[in-house]
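So the protein sequences, as listed, match chains D and Z.
Per my numbering, the very first residue in the first sequence carries number 1184; after that it's consecutive.
Per my numbering, the very first residue in the second sequence carries number 54; after that it's consecutive.
Beta carbons are placed, not taken as given, at the ideal position from N, Cα and C, and that holds for glycine.
Treat the numbers as computed from the prediction; the structure is a model and nothing was measured.
Below you'll find the structure, written out as structure tokens, and then a few comments.
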Amino acid sequence: MLEIRNLSVTYPDGTPALQNLSISLGTREVLGIIGESGSGKSTLALAIMRLLPPDANVKGEIIYNGKDILRLSKSELERVRGTEIAMIFQDALSAFDPLMRVGPQIVEKAVTNKTLGYKEARARAIDLMRGLGVTNPEARFDAYPHELSGGLRQRAFIAMGLFQKPKIIILDEPTSALDVITQAQLIQTIRGLKEGGLSMIFITHDIALASTICDRVAVLYAGKMMEYGSVHQVIHRPIHPYTQGLIESTPTLTSVRRGLKAMKGYLPNLKSLPGGCRFHPRCPFATDICRSVDPELAELSDGRLVACHMAADSK
Amino acid sequence: MRSPPFLSLRNIVKRFTKVVGGQTTLITAVDNVNLDIFLGQSVGIIGESGSGKTTLGKIMVKLLDPDGGTISFGQKDITRLKGSGLRDFRASVQMIFQDPYSSLDPKMRVKDLIADFYRLANKKPTREDILRQLELVSLDQDVADKFPHELSGGQRQRVAIARALSLNPKLIVADEPVSALDVSIRSQILQLLAKLQGQAGVTYVLITHDIATLPLLVDYIYVMYAGSIVESAPTRTLIDRPLHPYTKALISAVPDLDGNRESGLPIPPGDVEEATHSGGCKYYGRCPYAMAVCRDVEPSLRTVEKGVMVACHLLNR
């Protein structure tokens, strides 16, 4: 569906946000992008939507339908955005104009493009909202954004993203502002979308949440991909020490019985990354080579990719 | 005999007015809550957003006055006390917030932020005192001369903890202390809080929506829903054998690393804000087991076994 080749992004202030990332999204697949602050996970989403600041230095290719999104003309890009690829992010409140009712904002693009009349559009939006678990969708259509609870607002946001029937949706921390029960409801809804044939990129800091919905996951650290494979490989049998650390430091109701481990140190400053492997100051297994040589992403015998000198040795 | 509670809340009520569509409605954020804190026994308060847990925490540290009920500190009623009458209380009870950035004055250096707290007790700290506080939370000495914006989120939360500990409090009320932090930093702070429990002898009230962070730190959990406590039990009992349907839902909604939920329980529809039922059990509209009685009669919190209290008609049958 979507193929990203050697994508690098450097912000105008010199911050290397993403380095040489190659990743692909299959049809009906949910691809998880897992990372902490500064991992580059949101930069990736913005790059795909071409929403990065115009003076950001972007290299590489993002191939969709045989064309490179990074080289599309303005009108081609307009068509891709929304009708082919839509993006949902964490903060639904900022996605809506507070002075406009929710419903008209959901249908706005289709109505101004004259692809649908307002009456038809309204009926479709209400159907869509109902399908996304919005209770009493007729009333919600006419409500103002602040009148909806966080969970309902996020559903309305998804309805806005889905209204033009995109083939791919990018979900950037879609449930982070919600509490656990609302989050679980929304994950069920997202699973339904996957069964309905949508392909998704699911961006999250929460590795446990990723394990509940993704098919394949990539773990990013400080702008670089560290491990990439199936959920079974990466989350259940992690090889990269950073992935292992993330899992060990995620408290879950069952992991507490094993005891919680903490990763040492802090996230690095992207402008003064440590030499060699960028994770080496925090890695419990770091040796001399890790301090001097940045490990290449290498394929292991089970097909996953790992950027770690230790993993390459064991092959 | 158990010693008397360190802090005791009785029949606490707090109401706020909310204007919706030009109409003023009265919202009961905390509805008749009873809660005892014993030194050495840390407690967790868990609930969704809108459950009233943060309001309750602010009342507990006297940042907010309740509209009804009493707060006792030791054996003394401090509900109406202000200013100097609260000096002992302020020195022994501290609060840590979710966002360490907004709780630290950006114009002050770390050493001054910490020194400021000593002044509350008319003490003047030496540089050694400040460095000792930083060491307690595993921060390097050079942090003392930095401003909050020069620190990472995790370092800032450590400063907030160092500051809260400066007057040797007995009790720290922590409202979502790790939820704004990165995952790899979160576990460090949880471990630090656990270490301080032993080393500095503090008792915590940990307020969170994330039940997975509780077992490491607390012995007893209160579950809040729409302003009321619906279940309270020792931590392990609550997680292994939740009794209230809402507690069951909260636990089964926690994502597990195995990719499945712990139980096959249905996820309740709606959320606290839109689905709260009045006139009976507040959970009535979302509860998969609701009966006729639940619609009309609010269940009271009853002891169902030693140390376990539940407010649910299912357990009255």
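Would you tell me roughly how many angstroms separate the C-alpha atoms of residue i and residue j, rounded to the nearest one?
i	j	result
Thr1372/D	Thr1198/D	36 Å
Asp26/Z	Gln252/Z	Lying before the first or after the last residue shown, residue 26/Z is absent from chain Z, which here runs from 54 to 370.
Thr1210/D	Leu1229/D	21 Å
Ala233/Z	Lys1302/D	43 Å
Pro57/Z	Gln94/Z	13 Å
Ile124/Z	Leu224/Z	15 Å
Ser353/Z	Glu101/Z	20 Å
Leu92/Z	Val146/Z	12 Å
Gly1378/D	Tyr1247/D	Per the sequence shown, residue 1378/D should be read as Glu rather than Gly. So the two alpha carbons sit approximately 22 Å from each other.
Asp272/Z	Ile1309/D	47 Å
Arg1284/D	Gln1273/D	20 Å
Leu269/Z	Ala306/Z	19 Å
Gly360/Z	Arg162/Z	46 Å
Phe1340/D	Ile1351/D	15 Å
Ile80/Z	Cys347/Z	21 Å
Glu315/Z	Asp263/Z	At Glu315/Z, the pLDDT of 47 sits below 50, so the modelled position is not reliable and the matter cannot be decided from this model.
Leu1450/D	Val236/Z	11 Å
Leu212/Z	Ile167/Z	In the sequence as presented, Leu is not what sits at residue 212/Z; that position holds Val. Cα-Cα distance, rounded: 8 Å.
Leu173/Z	Ala144/Z	8 Å
Arg1474/D	Gln1427/D	20 Å
Ile260/Z	Gly280/Z	14 Å
Lys177/Z	Arg339/Z	54 Å
Thr1295/D	Ala1304/D	11 Å
Ala197/Z	Asn1452/D	20 Å
Leu184/Z	Ser156/Z	21 Å
Compute the distance between the beta-carbons of residue i and residue j, then report whether it is under 8 Å.
i	j	result
Ile1217/D	Ile1390/D	yes
Gln1347/D	Gly1265/D	yes
Ile149/Z	Phe142/Z	no
Leu88/Z	Tyr299/Z	no
Arg1374/D	Ala1275/D	no
Arg1487/D	Val1417/D	yes
Ala1293/D	Gly1333/D	no
Arg1461/D	Tyr1411/D	no
Val83/Z	Gly105/Z	yes
Leu1227/D	Leu1204/D	yes
Leu296/Z	Leu368/Z	yes
Met1409/D	Val1213/D	no
Tyr257/Z	Arg209/Z	no
Leu1175/D	Val1192/D	The structure shown does not extend to residue 1175/D, since chain D is modelled only from 1184 to 1498, so the question has no answer here.
So, is residue i buried or exposed, given that buried needs 16 or more other C-beta atoms within 10 angstroms?
i	result
Gly1300/D	exposed
Ser1468/D	Reading the sequence as shown, one finds Phe at residue 1468/D and not Ser. Exposed, since its Cβ has fewer than 16 Cβ neighbours within 10 Å.
Glu48/Z	The structure shown has nothing for residue 48/Z, since chain Z only spans 54 to 370.
Ala286/Z	buried
His1419/D	exposed
Leu1354/D	buried
Thr356/Z	exposed
Ser1432/D	buried
Glu284/Z	buried
Gly1215/D	buried
Leu109/Z	buried
Glu1219/D	buried
Lys129/Z	exposed
Leu1429/D	buried
Tyr342/Z	exposed
Met113/Z	buried
His1463/D	buried
Leu116/Z	exposed
Pro319/Z	exposed
Leu1190/D	buried
Arg140/Z	exposed
Pro1195/D	exposed
Lys111/Z	buried
Given the structure, does residue i come close to the ligand COA, in the sense that its CB is under 7 Å from one of the ligand's heavy atoms?
i	result
Asp1362/D	Absent from the structure shown: the ligand COA. Ligands present: none.
Cβ of residue i less than 8 Å from any chain B Cβ?
i	result
His1388/D	This model lacks chain B altogether, as its protein chains are D and Z.
Checklist entry - Which runs of the alpha helix (DSSP H), 4 residues or longer, sit entirely within the segment 1190-1236 of chain D? => result 1224-1231
Item to check | Contacting positions in the segment 1315-1331 of chain D - beta carbon closer than 8 Å to chain Z | outcome: Gly1316, Thr1318 and Glu1330
Item to check | Chain-ordered residues of the segment 260-273 of chain Z with a beta carbon less than 9 Å from chain D | outcome: His262, Asp263, Ile264, Ala265, Thr266, Leu267, Pro268 and Leu269
Item to check | Where the segment 237-261 of chain Z meets chain D: residues whose CB sits under 9 Å from a CB there | outcome: Ser237, Ile238, Arg239, Ser240, Gln241, Ile242, Leu243, Gln244, Leu245 and Ala247
Item to check | Secondary structure, alpha helix (DSSP H): runs of 4+ residues fully inside the segment 1375-1442 of chain D | outcome: 1390-1396, 1424-1431 and 1438-1441
Item to check | Residues, ordered as in the chain, of the segment 200-226 of chain Z that lie near chain D by beta-carbon distance below 9 Å | outcome: Ser205, Gly206, Gly207 and Gln208
Checklist entry - Just by C-beta distance, which residues in the segment 88-119 of chain Z are closer than 9 Å to chain D? => result Gly100, Glu101, Ser102, Gly103 and Ser104
Checklist entry - Which full runs of the beta strand (DSSP E) of 3+ residues lie inside the segment 240-272 of chain Z, going along the chain? => result 256-261
Item to check | Under 7 Å (Cβ pairs) to chain Z, residues found in the segment 1295-1317 of chain D | outcome: none
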